[in-house]
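Engineer: Sharing a structure here in structure tokens format.
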Amino acid sequence: MDTAKLFPWFILLNPLIAAVLILVATRKNHGLSAVISVGSAFFGLAAALCAWSLPEVHSAVQWIDFGSALQIPLGVKLDHLAKTMLLVVAGIGFLVHLYSTVYMEHDESKARFFGHLSLFMFSMLGIVLADNFAMMFIFWELVGVSSYLLIGHWFTRDSAGKAANKAFIMNRLGDFGFMLGILMLWAAFGTVGFDQMRGMVNDGSAMQIFRQNLPAGQFFIHAPLYLTVAVLLIFCGAMGKSAQFPLHTWLPDAMEGPTPVSALIHAATMVAAGVYMLARIAFLIEWSQAGEIIAWVGAITSILAALMATQQDDIKRVLAYSTLSQLGYMVMAAGLAPNAEGGPAMFHLFTHAFFKALLFLGAGAVIHALHHEQDIWKMGGLSKTMRVTTATFAIGTLALTGCPGLAGFFSKDAILLAAFGHNKALFGIGLATAFLTAFYMTRLFVVAFLGKHRSEAAHHGHDCPRAMTWPLVILAFLSILAAYGAVPHWFGIGHHEGAKIVPTLAILAFLAGSAVGWVLYSGAEKEPLSVPLLRNKFYFDEIYGAIVAGTQDVLAFIAAGMDAIVLLVVRAAGGMTLGLGYALRLFQVGNVQAYAFIFGLGVVGLIYFLVFR
Amino acid sequence: MTVISLIILLPIANALAIMLGAPARRSALLASWVQLALTLFAVLGYNRTVGGVQFGSSWSVAPEWGLSLRLGADGLSLIMLLLTALVTVAAIHASPRIEKREGLFFACILLIDAGAAGAFASFDLFFFYAFHELALIPTFLLIGLWGHGQRHAAAWRITIYLALGSIIVLVGLAKLYLAQNVALLPGHARTFDMIVMAKTPALIPAAAQGGIYIWLLIGFGILISLVPFHSWAPGAYASAPTPAAMLHAGVLKKFGLYGLLRVAVPLLPEGAKQWAHVLLVLLVLNILYIGLVTIAQKRLDTMLGYSSVMHMGYVFLGIAAGNAVGLSGAALLMLGHGLSIAALFAMAGHLRQSSPTLAFTDFGGIAKRAPFLGYAFGMAAFASIGLPGFANFSSEIMVFFGAFGSVPQPGTLSFSAIQIAVICGLWGVVISAVYMLRAFRKIFMGEDTGSAVVAEPKCDLRWAVIILLVALLIGGVWPKSYLSFIQPSVEAILAK
């Protein structure tokens, strides 16, 4: 194997080595653990930047090999799509590591935190580099478990444990579909490799191969329907990871984790994995009829989440619902305009990663300065005391709300443009979401940063140390610049002509949303607008709770009852036929003869069969 | 004297020595480590390019019936012997302090070990069966004498069930022996030699296979806790002393699965087809029905017992697939499940010292006080619910692929039935996450308000768990390290 082929393996294994080192050897030494973890994140970033200029690399070994019956390779592929995603993961990853050194400074389990953070980086890079479905699934699950560990970092809080469980189980629910979809595709294509499948689709041999592999009289006689179902099942995996409706409820709860985790995992990387996967299988979405449904799921998520965001009081939850909403945008784009280079979906993923990480880290700075106060109504007036944080947060807000000139505007515009060209209803939803986004972000900014101090903590807040503000500044620059130059071309987006109506409407939505938010909340002392339906998140948690209680728990209760009855019947039958009382006495004296007798019975039976039959 | 016969003889001799007065725990520990070393020696010494049964030895017992003690090992046997040796080492390390009759206690453990190893290394139908019986009796003794809770009832129930299961297996094996088409055999006499039997195509007339297969399926099914013959298992594991639960759930229970793989799959393919639908229904019940029962459990020990029953469904699914991928997955899952359940029972035994009933409500926030225990239990728990990185995942994924892709034959499994079983199996993966994570949260997370005060386990138990986890990780990260032994054996079993 030549050295160039080792390069992606180095990128993948580097954080794993750090994680193992920390968790096995240096768990007692907090400082050293942080150095190891940040160091590995730095190497990761350096490698990601180097990778940009390298040619495409692909290297694989057979992990499970049954010849023609089943081959599961473990392969890493550094192609264009992977490289752009690598920049996001490694870049934000490094900044968050740096930021965490201060944010988690006084945490008594700092080493554990960094160990798990490195474990997450390893898992996430595995998804980015995977060259086949099975390997992607492996790292998909590992991302799930590292997210579980990080959400549950403060596991002594009951809510953290519950949130961690919820995240893992919701993700597994999605993975149920994902795995089934993988099995269906494998049964049809005879391979799990992305490249092999794409090759068959592109040269038109896929339909022929389907006919060979799928016996007639299957569930689905028509290969296109079979394919569409399979792609939708795979999409279930993305619905879990990217928290799409109706599997979205875990993400807001995941805010129980430390804020750097929210920035890295629940804003920029893990939740983007679903979108990345949809970009990986763009050729399948294009070939099947699943795109329309995927787009609708994304659109519904984006508008529902935006509505829920308007009534949240916890600064991190507002951002969490905003993330849901933006992920909905990306998924809509992935369904509408599948593109092997990523298209508008990956473009928005790219810009969103920077400004959403910025917003979360800014929120973390506020929470840190205000001694873990997260209620925006107890903040206020922070612009006077936390200047850097306020300025960078403002830039993040403007980028998210689609202020012309900032990165978010361009990528959102690309999505709206795609929707405009395909489906006017989806375009309308996208526009409404844009309006709501501007509204709730203005609300957040006005309430938390402007006006008067509404608590003692807010009065004493101050900017954080440099290791925390520097990442904010860097991310603020990236939030402005991330859509200029050649960047749109990375995702296969050319300069768009015509349809001037789309940017115009988008700017109008931005202005209208911001204006409404400003008018309603400027100078407000308490929530002027209360909509219980939105405040309670459309009662999804309650509904799901009822569904679980009404089905799973009832079924479990019935099953356990049945099993207890079986046990009783067996006991009664055993007691009657074999004289339980006598038998118990045998055991009380520990009579070996009883067992010998039973064994002897077996031997006698054998002899009977051998001799007398 | 081959290394394989040494592996079986060593624990027997050691058990005798202990009964004659040798220091019980120390010599048992020594014997188990020597056995592990011997097993590794055999694994490394096995010539994979040649394959087949190696380290063979044979002592004629009753030539007129073709009965002799034939020992040896192929790749599959070696993996099962490795499982036996690993779990035995861990079980002896995890043994609590024994107050009464310490010698008998450790002698029983060693006899279970010897019986299991003997069954896995026997290539003679009679001794294959007899070694398992040898292992069962000390299991009953351990539960009846050193168990806790309702130990007498549990011991009696497991005795009745397993004795019944064994007798049904015996009937099945006897019918199998008698049904041999002697014209095809060398010397035109019936044989107990499993190697000869497996090599002779169509040894059992197709018409007779169904009648034999169902005996074996029910008999082995009882031993494996196939629904509806499972109700002995959770109670027995809840009452059994820690090492007995580890050895039985981890190793001895695999005898039934091993028997199906070794006897029923190669010799009774037509019978398997005949009963395929029954098996599919039962295994789906094992996964979904038992999965739901597991969710309803409120104590760690019965929850682990039921989860162990549930996971047997996946092994059955691999066997039902009937192809090399599915059967190899089933074999690897036997190893993965055995290691992970043994580790979980070992740690449950430690927790029991603080709370005899192991009720979830007695615990809370243990991971803060006992981080090692938290990590180790978490790893074993995640392994058992099929997290990538552990052997359980790599094997379950093979089971799923094997079953989903098993080629439909006319008049056999309709393609869709086994696919539906796979879908149910995938749903079981969700169910297992629900109960395992909830148990983990209740015991290890939250505030440290539980009534039970748990300390970090002692060095002994730590090593026991570490050994098991390392073996699991090897199978998860690089499954070929085990598959390179399993795969050729399974392919040989399938080749006619």
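In order, the protein sequence lines correspond to chains B and L.
Number 12 in numbering that gives the first Met the number 0 belongs to position 13 of the first sequence; there are no gaps in the numbering.
Number 351 in numbering that gives the first Met the number 0 belongs to position 352 of the second sequence; there are no gaps in the numbering.
C-beta: ideal position from N, C-alpha, C; glycine also.
1) Tell me, which residues are paired with B/Asn131 by DSSP?
2) Please go through the same chain and pick out, in chain order, the residues whose beta-carbon is closer than 6 angstroms to the beta-carbon of L/Leu28, but skip the five residues on each side of it.
3) Is there a C-beta anywhere in chain L that falls below 9 angstroms from the one on B/Arg210?
4) Compare the C-beta of L/Ser59 against all C-beta atoms of chain B and say whether one is closer than 9 angstroms.
5) Residues of the segment 266-297 of chain L in Cβ contact with chain B at a cutoff of 7 angstroms, in chain order, please.
6) Straight-line CA distance for B/Gln551 to B/His29?
7) Would you check if the segment 221-231 of chain B and the segment 303-321 of chain B touch, i.e. whether three or more CB-CB distances between them fall below 8 angstroms?
8) Below 8 angstroms on the Cβ atoms is my contact criterion, and I expect L/Gly385 with L/Glu395 to pass it. Report the Cβ-Cβ distance as a whole number of Å.
9) Report buried or exposed for B/Gln587, applying the criterion of at least 16 other Cβ atoms within 10 angstroms of its Cβ.
10) Compare the C-beta of L/Ala230 against all C-beta atoms of chain B and say whether one is closer than 9 angstroms.
11) With a CB to CB cut of under 6 angstroms and the five nearest residues on each side skipped, what residues in its chain are close to B/Leu579?
12) Using a 10 Å radius around the Cβ and a threshold of 16 neighbouring Cβ atoms, would you call L/Met397 buried or exposed?
13) How many whole angstroms separate the CB atoms of B/Ile208 and B/Ile280, which I take to be in contact at a CB cut-off of 8 angstroms?
14) So with Cβ pairs under 9 angstroms, would you call L/Tyr374 a contact of chain B?
15) Less than 9 angstroms between the beta carbons of B/Gly236 and B/Trp139, yes or no?
16) Under 9 angstroms Cβ-Cβ, which residues of chain B neighbour L/Arg96?
17) Along the chain, which unbroken stretches of the alpha helix (DSSP H) at least 4 residues long are found entirely within the segment 252-278 of chain B?
18) Output yes or no for whether 9 angstroms exceeds the beta carbon distance between B/Val142 and B/Phe93.
19) Measure the alpha-carbon distance for L/Ala14 versus L/Thr87 and round it to whole angstroms.
20) Indicate whether the contact test is met: 3 or more Cβ pairs, each with one atom in the segment 189-207 of chain L and one in the segment 106-125 of chain L, closer than 8 angstroms.
21) Using a Cβ-Cβ cut-off of 9 angstroms, state whether L/Gly445 counts as contacting chain B.
22) Listed in chain order, which residues of the segment 386-398 of chain L have Cβ atoms closer than 9 angstroms to some Cβ of chain B?
23) Is B/Val591 close to chain L, meaning its C-beta is less than 9 angstroms from at least one C-beta of that chain?
24) Along chain L, in chain order, which residues have C-beta atoms closer than 9 angstroms to that of B/Trp185?
25) Residues of chain C with a CB under 8 angstroms from the CB of B/Val144: which are they?
26) Below 9 angstroms between beta carbons: does that hold for B/Met440 and B/Thr400?
27) Report back the beta-carbon spacing between B/Leu405 and B/Ser321 to the nearest angstrom; my notes put them in contact at under 8 angstroms.
28) Could you tell me if L/Leu103 is buried or exposed, where buried requires 16 or more neighbouring beta carbons within 10 angstroms of its beta carbon?
29) Taking the alpha-carbon of B/Lys377 as reference, which of B/Val317, B/His347, B/Ala457 has the nearest alpha-carbon?
30) Taking Cβ positions, are L/Gly71 and L/Ala491 nearer each other than 9 angstroms?
31) Sort out for me which residues DSSP pairs L/Leu68 with in a bridge.
32) Checking 9 angstroms against the spacing of the C-beta atoms, do L/Gly335 and L/Ala390 come in under that value?
33) What in chain B is Cβ-close to L/Arg437, meaning under 8 angstroms?
34) Residues in the segment 211-228 of chain L with C-beta within 9 angstroms of chain B's C-beta atoms, listed in sequence order?
35) For chain L, find out if any of its Cβ atoms is closer than 9 angstroms to the Cβ of B/Phe112; answer yes or no.
36) Kindly identify the DSSP beta-bridge partner or partners of B/Ser521.
Structural biologist: Per the coordinate set shown:
1) B/Gly192
2) Ile91
3) no
4) no
5) Tyr288, Leu291, Val292, Ile294, Ala295
6) 43 angstroms
7) no
8) 5 angstroms
9) Bear in mind that a pLDDT of 45 at B/Gln587, under 50, signals an unreliable position, so the model cannot answer this.
10) Correcting the residue identity first, residue 230 of chain L is Ser in this sequence and not Ala. Closer than 9 angstroms to some Cβ of chain B, the Cβ of L/Ser230 qualifies, so yes.
11) At B/Leu579 the pLDDT is 45, less than 50, meaning the model places this residue with poor confidence; the figure from the coordinates comes in the next sentence. Answer for B/Leu579: no residue qualifies.
12) buried
13) Not confirmed; about 17 angstroms, so no contact.
14) yes
15) yes
16) Chain B residues near L/Arg96: none, gap ~19 angstroms exceeds 9 angstroms.
17) 258-262
18) no
19) 13 angstroms
20) yes
21) yes
22) Leu386, Pro387, Gly388, Phe392, Ser393, Ile396, Met397
23) The pLDDT assigned to B/Val591 is 47, lower than 50, so where the model puts this residue is not dependable; a value taken from the coordinates is nonetheless given after this. Interface residue, yes.
24) Phe400, Phe403, Gly404
25) As a matter of chain content, chain C is missing from the structure shown, whose protein chains are B and L.
26) yes
27) That pair is no contact at about 15 angstroms.
28) buried
29) B/Ala457
30) no
31) L/Trp58
32) yes
33) Asn164
34) Pro227
35) no
36) Answer is none; B/Ser521 lacks a bridge partner.
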